[in-house]
Amino acid sequence: MGRLPESDALQVLIDNALARTAPGRIVWVALSGGLDSSLLLTLTVAACRRHSRPLKALHVHHGLQHAADAFEAHCRQLCANIDVPLVVERVRVELDSGLGLEAAARQARYAAFARHVRPGEALWLAQHRDDQAETFLLAALRGSGVRGLAAMPANREWQGVQLERPLLACSRAMLETAAGQLGLTWIEDPTNSDDSLERNFLRCRVLPLLQSRWPHAAEALARSAAHAAATDAVTDELAALDLSALGGDPACLPVALLMGLSVARQRLLVRYACQQLALPTPPERRLATLLEQLEARRDAQVRVAWNTAEARIWRDRLYLLSNQPGVPARWQIEWNGQSLVTTPWGRVGITLEPQGGSAATLRLTGRQGGERLHVARRGTRDLKRLLQEADLPPWVRERVVVAWHQDEPVAALVPEGDWIVVAEGWRARHTGLGSG
């Protein structure tokens, strides 16, 4: 039996990917207009029609080059020719984000994906084996660990979406041959030859040089990425076991038990816990600093911050959390005690009113120091002491909001939207509304 044409061999891969997708759920193809995504969409149309599966295409217009409109026009024409619904999302790439052009564009692109692809649906991307080899090399040059070297997974869950790369095992040459067999047209990205961009430098100059000496270099690099992915999966299993042994809460790790692990497993567990909490993982130096602080004095105020996350040590426990500022020094608002209220840490549904009386005009502020509340059966007490007695961590106390009636503090609110202290003669509740 002769070898299958490349287009037929790729069609088998598409059918297999479709079989992994829940029936009835929309399959979205991220369509740039280049060879890879145009071919992926063309092959996916045939599979979805054979199996009666809903299909849509999504084109992200980055607006970064003159050819962007031509890419959009090609995508519209292709989708019209094969009768596939197309969504076009125009995004603004934050060039001053500090991420670099390629990373900023990727961030904007994935934000667009999140706005359209619903949890439970599938998003298909057209990266191939040569892309995987480039990603592996970039990760290695940046000194990445196993997770970075694993490069792009063939499939994974992303924000409840099933993300698939059906062509990841295929070479670019194979895709070009298949496109020729199908008579496919596409748009060439004029920036692909700009080797000032990291990925293009690898694609245009480094990989061809490697392949001149080792013809199967791209295949070998992609295989190394697969080995790294397998190792990463095993280390995740180990970290999950360690987390379970430490109580199972990724946001709160007992320091004594954590220190009972080897340093390598401590590093692994902290990174794994951050991933479980959807926090950015700490860079190598920040993580080393954090682990050094595990032996700090019990009364030390340990805080290690990175990106949008931070770690705190309090009462022999390591807390991992989002890095959120305290209440601004001069922040205050008037409130009727009934309506939804916007605090410095979000919009919450709460009420506060005098017992047996009508609604009162209130003022909300941050803690100013020295507040004293008259508490039922306890008399007048310092708010500072009351918060300590409530066992609130110091960083939460810093973010408490105080409710005032005239010039008297009558209640205190924690960031979760719950009343932690309410003065005698007042009635408060959390309605559960708002976004927190």
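Be aware that the sequence shown starts at 1, since it is given in the UniProt record's numbering, and climbs by one per residue. The C-beta atom is built at its ideal place from N, Cα and C for all residues, glycine as well. Quantities reported herein were computed from a predicted structural model and do not represent experimental measurements.
1) For the segment 137-157 and the segment 51-62, state whether three or more C-beta atom pairs, one from each stretch, are separated by less than 8 Å.
2) With burial defined as no fewer than 16 other Cβ atoms inside 10 Å of the residue's Cβ, what is the status of D391: buried or exposed?
3) Within the continuous alpha helix (DSSP H) that includes W395, where are the two ends?
4) Is there contact between the segment 166-186 and the segment 234-253, where contact requires at least three CB pairs shorter than 8 Å?
5) Could you tell me whether the Cβ atoms of L277 and L320 are closer together than 7 Å?
6) Please say whether N323 and A359 have beta carbons closer to each other than 7 Å?
7) Rounded to the nearest angstrom, what separates residue 441 and V304 at their Cα positions?
8) Return the chain-ordered list of same chain residues with a C-beta closer than 8 Å to the C-beta of L138, the five sequence neighbours on each side being excluded.
9) Closer than 8 Å by C-beta to K56: which residues in its own chain qualify, once you throw out the five before and the five after it? Chain order, please.
10) Looking at the strands, I want to know which residues DSSP matches up with T351.
11) Taking the beta strand (DSSP E) that S322 belongs to, which residues open and close that run?
12) Taking 7 Å as the cut-off, decide whether the C-beta atoms of R129 and A228 are in contact.
13) Rounded to the nearest angstrom, what separates Q406 and G425 at their Cα positions?
14) Measure the alpha-carbon distance for L253 versus A288 and round it to whole angstroms.
15) How many whole angstroms separate the CB atoms of V161 and E188, which I take to be in contact at a CB cut-off of 8 Å?
16) Can you tell me the Cα-Cα spacing of V400 and P415, whole angstroms?
17) Apart from the five residues on each side of it in sequence, which residues of its chain come closer than 7 Å, Cβ to Cβ, to L175?
18) If you reduce the DSSP assignment to three classes, tell me which class G369 lands in.
19) Closest to L41 by C-alpha separation, out of L78, R378, H216 and L294, would be which residue?
20) In chain order, what residues of the same chain have a beta carbon less than 7 Å from the beta carbon of Q107, not counting five sequence neighbours either side?
21) Please go through the same chain and pick out, in chain order, the residues whose beta-carbon is closer than 6 Å to the beta-carbon of L294, but skip the five residues on each side of it.
22) Tell me whether E188 sits in a helix, a strand or coil according to DSSP, three-state version.
23) Can you grab the Cα-Cα spacing for the pair residue 450 / C75, in whole Å?
24) Between which residues of its own chain and A428 is the CB-CB distance below 6 Å, once the five residues before and five after are set aside?
25) Pick helix, strand or coil for M1, following the three-state DSSP scheme.
26) Mind checking which residues open and close the alpha helix (DSSP H) that includes N155?
27) Just to confirm the assignment, what range does the alpha helix (DSSP H) spanning A230 have?
28) Quick check: what's the CA-CA separation for L18 versus A220?
29) A245: buried (16+ other C-beta within 10 angstroms of its C-beta) or exposed?
30) Mark H66 as exposed unless 16 or more other C-beta atoms lie within 10 angstroms of its C-beta, in which case mark it buried.
31) Under three-state DSSP, which class holds G436?
32) Exposed or buried, G436, counting other C-beta atoms within 10 Å across all chains shown (16 or more means buried)?
33) Taking all protein chains shown into account, decide if A133 is buried (16 or more other Cβ within 10 angstroms of its Cβ) or exposed.
Taking the definition as stated:
1) The segment 137-157, when compared against the segment 51-62, does not touch it at the 8 Å Cβ threshold.
2) Label assigned to D391: exposed.
3) Annotation for W395: the continuous alpha helix (DSSP H) segment containing it runs P394 to R397.
4) Touching, no, given that fewer than three Cβ pairs across the two stretches are closer than 8 Å.
5) Cβ distance < 7 Å, so L277 and L320 count as in contact.
6) Going by beta carbons, A359 and N323 fall outside the 7 Å limit.
7) In the structure displayed, the chain extends from 1 to 436; residue 441 sits before or after that span and is not available.
8) Sequence-distant partners of L138 (beyond 5 residues in either direction) whose C-beta falls short of 8 Å from its own C-beta, in its chain, are E198, R199 and L202.
9) Listed in chain order, the non-local C-beta contacts of K56 below 8 Å within the same chain comprise I26, V27, W28, V29, V84, P85, L86 and V87, local neighbours out to five positions each way being set aside.
10) According to DSSP, T351 bridges with R429.
11) In the DSSP assignment, S322 falls within the beta strand (DSSP E) that extends over R317 to S322.
12) R129 places its beta carbon 7 Å or farther from that of A228.
13) Cα to Cα, Q406 sits roughly 15 Å from G425.
14) Their Cα atoms are separated by approximately 17 Å.
15) With a Cβ gap of about 29 Å, V161 and E188 do not count as contacting.
16) Looking at the two C-alpha atoms, the distance is approximately 7 Å.
17) Within the same chain, L175 has close Cβ partners L35, D36, L39, H128 and L167.
18) Coil.
19) The residue with the shortest Cα to Cα distance from L41 is L78.
20) The answer, listed in chain order, is L99.
21) Here the set comprises V255 and M259.
22) The three-state reading of DSSP puts E188 in coil, since its state is none of H, G, I, E or B.
23) Residue 450 cannot be examined here, being either before or after the span of the chain that is shown, 1 to 436.
24) If you ignore the 5 residues before and after A428, its C-beta comes within less than 6 Å of the C-beta of L352, A411, W419 and V422, all in its own chain and listed in chain order.
25) At M1 the pLDDT is 43, less than 50, meaning the model places this residue with poor confidence and gives no usable figure here.
26) For N155, there is no enclosing alpha helix (DSSP H); the enclosing beta strand (DSSP E) has its first and last residue at N155 to W158.
27) A230 -> alpha helix (DSSP H) spans A217 to A245.
28) Note on geometry: alpha-carbon atoms of L18 and A220 lie some 27 Å from one another.
29) Burial state of A245 is exposed, judged by a 10 Å Cβ sphere holding fewer than 16 other Cβ atoms.
30) Note on H66: under 16 other CB atoms within 10 angstroms of its CB, so exposed under the neighbour-count rule.
31) Unreliable placement is indicated for G436, whose pLDDT of 38 sits below 50; the coordinate value is still reported in the next sentence. DSSP places G436 in coil when its eight states are reduced to three.
32) For G436, the pLDDT reaches just 38, beneath the cut-off of 50, and the residue's location in the model is therefore unreliable, leaving the point undetermined.
33) It counts as buried.
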